[in-house]
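With the numbering used here as the guide, the letters of the sequence shown map in order to residues -10 to 62. Glycine is no exception: its CB is placed at the ideal position from the N, C-alpha and C atoms.
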Amino acid sequence: MAENSSTTGVREDLTISLKAKRRIRFKAGAELSGAVSMVGIDVDQEIGEDYEQYAINLRLTSATPTAPSEAGV
């Protein structure tokens, strides 16, 4: 959306909406207590004479630490 006003100048917004769904497995309460969720976002912007290009990468990661193995004991 572009708007022009003598008090605000020129403003251009780029809005991107993303909705994704994935099936998750059941997790017991003890397993959830150690879970960590991480979000990584990479944005690359390229501006040419007559264009503006964005490359946006989203990475959603959920990790649950594993218990130390007892193989060395």
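Secondary structure at Asp31: strand, using DSSP grouped into helix, strand and coil.
Linking Glu38 to Ile13 through their CA atoms gives a straight-line distance of about 46 angstroms. Per the DSSP secondary-structure output, Glu41 pairs in a beta bridge with Ile36. Comparing alpha carbon positions, the residue from Glu41, Gly23, Leu47 closest to Asp31 is Leu47.
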